Amino acid sequence: MTVAIQLPKYQELSDKELMEWSPEEFTERMMKKSEMFAENFFHKENWERVSLDEETRRVNLVEFCARLAWREFYNGVHPPSKQIVMLEKNTEDLGIRIRLAQQIIDEVQHQRTWGKWCKYYGGSPRLQDYEVSSEVIRQFQLTNEYDDVAEIAVNLQLTGEVILPYLFGYGTLTPEESMTYILLPDELLADIEKSVVADEPRHIAVGRDIMIKYCGSAEKRRRILELQNIRLENTIKIMGRDLELLGAKRISPLPII
Numbered sequence: 003m004t005v006a007i008q009l010p011k012y013q014e015l016s017d018k019e020l021m022e023w024s025p026e027e028f029t030e031r032m033m034k035k036s037e038m039f040a041e042n043f044f045h046k047e048n049w050e051r052v053s054l055d056e057e058t059r060r061v062n063l064v065e066f067c068a069r070l071a072w073r074e075f076y077n078g079v080h081p082p083s084k085q086i087v088m089l090e091k092n093t094e095d096l097g098i099r100i101r102l103a104q105q106i107i108d109e110v111q112h113q114r115t116w117g118k119w120c121k122y123y124g125g126s127p128r129l130q131d132y133e134v135s136s137e138v139i140r141q142f143q144l145t146n147e148y149d150d151v152a153e154i155a156v157n158l159q160l161t162g163e164v165i166l167p168y169l170f171g172y173g174t175l176t177p178e179e180s181m182t183y184i185l186l187p188d189e190l191l192a193d194i195e196k197s198v199v200a201d202e203p204r205h206i207a208v209g210r211d212i213m214i215k216y217c218g219s220a221e222k223r224r225r226i227l228e229l230q231n232i233r234l235e236n237t238i239k240i241m242g243r244d245l246e247l248l249g250a251k252r253i254s255p256l257p258i259i
């Protein structure tokens, strides 16, 4: 895969074209775009393995797990909490709010899981001990700093949550195709599959239902699509660093957003 893939530029469609899609179709296209990005970004043909000595690999795994623990808590707890508050006005959204509460519970557990693995590799399990990089903080801002439930959903549940399993070697790629599946330790993969990845479908599903209900006008849909592009641009920076820590170097052009 030496040719860069061009992701769909839905935001360039006319208002009429954007509104020809049903809310379900609009939401599905956003999710498929996230999958298209992830399939290209994590495919092993786009990376080469970098040899790491044992101590460097251990230190890198500490940083990798700490980065994930921070992201699970800040990206996974604060934004759904805001979504719950935003939806309190509508009594018919009680079911969605309960599911968002479950997502918060899940994300706290995910943070603890990553903290456990951080300690396993010789680091601190305490969230307050992690030093986070600028692109990780930016990702939190791109997820949380909105006053619209759908704008949070596109960043969190329909982009971040769709892509995240690919970082752990899962998703629509087979294990043989995934660079991260090849690089991550077997014991970590096995635990993350059951304690983290297994929860992602329900997080994606609640975001899908939010978007279907609140994707709104052509103007709002265009805004949502633009936010997804901004999120994807920063995701390249974050997950590029994640793969570097695991021992990979990009050898193909990045997806064109």
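Sequential numbering from 3 applies to the sequence shown in this note's numbering. Backbone N, C-alpha and C fix where the C-beta goes; we use that ideal spot for every residue, glycine too. Computed from a predicted model, the values in this text were never measured in an experiment.
Distance from the CA atom of residue 98 to the CA atom of residue 53, rounded to whole angstroms, is 46 Å. When the Cα atoms are used, residue 204 and residue 73 turn out to be separated by approximately 18 Å. Between residue 247 and residue 62, the gap from beta carbon to beta carbon is short of 8 Å.
Considering only 220, 178 and 155, the residue with the shortest C-alpha distance to residue 230 is 155.
In this structure, the beta-carbon distance from residue 71 to residue 23 does not fall below 8 Å. In terms of Cα proximity to residue 20, the closest of 237, 224, 258 and 180 is 224.
With fewer than three CB-CB distances shorter than 8 Å, the stretch 86-101 does not count as touching the stretch 171-180.
Sequence-distant Cβ neighbours of residue 68 in its own chain, meaning closer than 7 Å and more than five residues away, are 120, 125 and 132.
A residue is called buried when at least 16 other Cβ atoms come within 10 angstroms of its Cβ; residue 210 meets this threshold and is buried. Spatial neighbours of residue 25 in its own chain (CB-CB distance under 6 Å, excluding positions within 5 residues in sequence) are listed in chain order as 214 and 217. Straight across, the Cα-Cα distance linking residue 237 with residue 42 is about 13 Å. Under the three-state reduction of DSSP output, residue 6 falls in the coil class, being neither helix nor strand.
Excluding five sequence positions before and after residue 134, the CB atoms of its chain that fall closer than 6 Å to its own CB belong to 72, given in chain order.
Exposed is the label assigned to residue 31, since fewer than 16 other Cβ atoms lie within 10 Å of its Cβ.
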